[in-house]
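Some notes on the structure that comes next.
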Amino acid sequence: MNQVAGVFEADLYFSGVPQPVRLIRCAPLLDAMGDVFPTWPFRMERCDPASTPIITVRHVKGEYRIDAPWLEQSVFADTDACAFSSIVVDLIYAWLEANPQALCLHCAAAEFGGRLVVFPNTNKVGKSLLVTRLMAERRTSYGDDLVALLPEGAGMSFGVPHRLRLPLPASERAVAEFIQAHRGKADTWSQYLAPNAPGLAPFRQTRPIGAFVMLNRKPAGKAELIPADAADSLQNIVYQNLMRRGSALEVLDRAQWLAKEKPCWYLRYARLDDAVALLRQAFVETDRGFSKAGHEHETALTAAVEKITPRPNRPRSRARRRASGRNYVRRPEVLIRQEQGEFFLIQATGDEIFHLNALGRAVWELLAEPLSETETVALLASVFPETSRAQIERDVIELFAAFRRKHLLLGS
5 MNQVAGVFEA
15 DLYFSGVPQP
25 VRLIRCAPLL
35 DAMGDVFPTW
45 PFRMERCDPA
55 STPIITVRHV
65 KGEYRIDAPW
75 LEQSVFADTD
85 ACAFSSIVVD
95 LIYAWLEANP
105 QALCLHCAAA
115 EFGGRLVVFP
125 NTNKVGKSLL
135 VTRLMAERRT
145 SYGDDLVALL
155 PEGAGMSFGV
165 PHRLRLPLPA
175 SERAVAEFIQ
185 AHRGKADTWS
195 QYLAPNAPGL
205 APFRQTRPIG
215 AFVMLNRKPA
225 GKAELIPADA
235 ADSLQNIVYQ
245 NLMRRGSALE
255 VLDRAQWLAK
265 EKPCWYLRYA
275 RLDDAVALLR
285 QAFVETDRGF
295 SKAGHEHETA
305 LTAAVEKITP
315 RPNRPRSRAR
325 RRASGRNYVR
335 RPEVLIRQEQ
345 GEFFLIQATG
355 DEIFHLNALG
365 RAVWELLAEP
375 LSETETVALL
385 ASVFPETSRA
395 QIERDVIELF
405 AAFRRKHLLL
415 GS
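At position 320 of the sequence shown the residue is numbered 324 (our numbering), and the sequence of numbers has no breaks.
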């Protein structure tokens, strides 16, 4: 490290990432780095002005500023725990850039009988608490937020302790006692597990993926494990990927293979203990959870994914824009792919994938020729006379706005 005129600087080189993470005036972060990355090997060196850091963290005026090439603007954090949460994501992204054979899924994962059950990320469904509760009964966690997907169909741990949102639920006694016994770094909003908490797979440890389980919290009632179809699984895998730049086609191909080969379930639950008991029954006491035999589509639940579709329940202002007469045409470089009966738009050299619902697909086909919002409204109003023209107009305006926002159209 360098100590020049009272300014602390150090370069950290992490295994698998060729460029350093540079810390400037961040001595408290360096002291705790081993707690957040307990098994991910790294070494500290003096800052080399000739080297280009992949991530730079500065402490400026009471807060941390984090910069990386893929960030459109700097990220600011006002606590150590908050800074580490950003550093973890950016470091994993840097690892993906340096290891292009791997993908990365926003998910939690736990080991059952030598195979991973993967819980794709959806908002506020308790995946971190669930895998922490599984650790309390001596199951191994492969991560509570990000897990690498390797080409052979295995999941890989980054060895980062769980970060749990505060406040913790007082009613879940087993997990609360485990967290209390293994408390790590914390701030007002989040609590890390201690680096030596039992049951966390170390960096680079792998296991084959056995099944996907999408979590769905409910206020009360018994836990249920319901089969999901491959299309729902595909959407969850696609939209929960932390995509490195230019990986959209590869992500869709890998997701399609996983959705076809691995069973997918919805777990609806109110209490963690009930969910854990049901997972134990499905993946340990029987082999039902890992089998695709009899895994039929029988659910009406909706996967929580981003779609190019008008967004329901959006508050509407009193002022309403009218449909535009300007013509648009779809960009020629945008590809359309059908997988598991679902349609996706892909910019072949990009890092985003867009799912089309029925309306989106119909309009996209029309956009092979110059088309305006006004013309689209007229066409749809003639096809769906039972739907009010005002509703059709609102939906078309939002759909065209989504296409433009994602740079899928050319004005003409």
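C-beta atoms are modelled at their ideal positions from N, C-alpha and C, and glycine is treated no differently.
Original post:
Is the beta carbon of V61 sitting closer than 8 Å to the one on C86?
Top reply: no
Original post:
What whole-angstrom Cβ distance do V135 and S145 have, given they're in contact under 8 Å?
Top reply: 5 Å
Subject >> Residue span of the beta strand (DSSP E) that contains V333, given as start and end >> reply: 331 to 334
Original post:
Is T303 helix, strand or coil by DSSP?
Top reply: At T303, the pLDDT of 32 sits below 50, so the modelled position is not reliable and the matter cannot be decided from this model.
Original post:
Under the three-state reduction of DSSP, which class applies to F18: helix, strand or coil?
Top reply: strand
**OP:** Hey, could you find the ends of the alpha helix (DSSP H) D278 is sitting in?
**Re:** 276 to 284
Original post:
By DSSP, does I58 sit in helix, in strand, or in coil?
Top reply: In the structure shown, I58 adopts coil according to DSSP, grouped into three states.
Original post:
Are the Cβ atoms of G188 and R142 separated by less than 8 Å?
Top reply: No. Outside cutoff.
Original post:
Does the Cβ-Cβ distance between Y332 and L360 come in under 8 Å?
Top reply: no
**OP:** Identify, in the order they occur along the chain, each residue of the same chain with its Cβ nearer than 6 Å to the Cβ of S416, setting aside the five sequence neighbours on each side.
**Re:** If you ignore the 5 residues before and after S416, its C-beta comes within less than 6 Å of the C-beta of N331, V333, P374, all in its own chain and listed in chain order.
**OP:** Compare the C-alpha of S376 against each of S328, A362, I91 and name the closest.
**Re:** S328
**OP:** My understanding is that M139 touches F182, with C-beta atoms under 8 Å, so please give their C-beta distance in whole angstroms.
**Re:** 7 Å
**OP:** Helix, strand or coil for G188, going by three-state DSSP, please let me know.
**Re:** G188 falls in the strand class under three-state DSSP.
Original post:
Between E346, E397, R47, which lies nearest to L234 when the distance is taken from Cα to Cα?
Top reply: Strictly speaking, residue 234 in this sequence is Ala, with Leu absent from that position. The residue with the shortest Cα to Cα distance from A234 is E346.
Original post:
Taking Cβ positions, are F162 and L150 nearer each other than 8 Å?
Top reply: yes
Original post:
If we ignore side chains and look at the alpha-carbon of each, how far apart do R221 and G147 end up?
Top reply: Near 20 Å, if we compare the C-alpha coordinates of G147 and R221.
Original post:
Can you give the beta carbon distance from S421 to I58, rounded, assuming they're within the 8 Å contact cut?
Top reply: The displayed coordinates of the chain run from 5 to 416. Any statement about residue 421 would go beyond what the structure contains.
Subject >> For T192, the nearest candidate out of P124, R167, I213 (CA to CA) >> reply: R167
Subject >> D52 at chain B interface by Cβ criterion, 8 Å >> reply: Looking for chain B here will not work: only one protein chain is present.
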